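Everything on this sheet refers to the single structure shown next.
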Amino acid sequence: MKTIEEINQVKNKENRRKLYKKYLRIKRRERRKADFLKRKIIAEHGPDAVPTRPVRTIEGEREDEETAIHNIQEDDIMVEEAIDTFKDYYNKDAPPKVLLACTARPHNRTITFLKELKRVIPNSFIKWKANAKIRQLAIAAQVRGFTDLIVINEDNLKPNSLLLTHLPEGPTAYFRLSGVRVCKDLRKNPTDIMNMR
């Protein structure tokens, strides 16, 4: 049997094609014979008799990093956990207090959306932000003891974005809203949502 390199050296196109088809036929025959022998061994000795290749997964291919932390009891980790600003929230020591804000004169759909958010988010309060900038609003909310600020922006008489900020220093997330539906549109009773919370 000729190798693929030898077949590529043949100048005549028709002969080269015939040799390549013959090469593929022989390869297929060898593969079928190997599969038959493998099935025969598995039938006689069980599935563990034939060695299988390990399955390639993302976890299996991942290389161990030098900076990875394996021991949680290390001094550096203990110090970082002691000064972690979110520790109170993860341990549920400090209840969140959320300020929901929107433009000075919101449309009815935005007001309804804010009321729905107030029902869903515990310990939240609604405030129209008038002409105040978001930075001023965040400073005022922090002074009054709020932990988070949610600002709803509206365009074409519909809510179109939501800005979520953790006070005092962030992080901040911005979400685009499209196709906002409230309980009335879904024909649901708001108390059902309150019971699921």
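Residue numbers -15 to 181, in our numbering, belong to the letters of the sequence shown in order. Every residue, glycine too, gets a C-beta built ideally from N, C-alpha and C. Since the structure is predicted, the reported quantities are computational estimates derived from the model, not experimental observations.
CB contact flag (residue i, residue j, <7 Å)
i           : j           : result
residue 108 : residue 141 : no
residue 25  : residue 33  : yes
residue 130 : residue 146 : no
residue 121 : residue 113 : yes
residue 126 : residue 152 : yes
residue -9  : residue 8   : no
residue 96  : residue 164 : no
residue 72  : residue 66  : no
Contact belief for residue i with residue j at Cβ below 8 Å, rounded distance in angstroms
i           : j           : result
residue 82  : residue 136 : No, residue 82 and residue 136 are not in contact; Cβ-Cβ is about 12 Å, not under 8 Å.
residue 132 : residue 149 : 7 Å
Residue i versus the options, residue with shortest Cα-Cα distance
i           : options             : result
residue 144 : 105, 28, 69 and 93  : 93
residue 98  : 173, 51, 35 and 138 : 138
Delimiting residues of the beta strand (DSSP E) encompassing residue i
i           : result
residue 149 : 142 to 150
residue 157 : 156 to 160
residue 132 : 132 to 139
residue 111 : 108 to 112
residue 82  : 82 to 86
N-terminal and C-terminal residue of the alpha helix (DSSP H) that residue i is part of
i           : result
residue 99  : 92 to 104
residue 116 : Note, residue 116: premise wrong, no alpha helix (DSSP H); not H, not E.
residue 24  : -3 to 29
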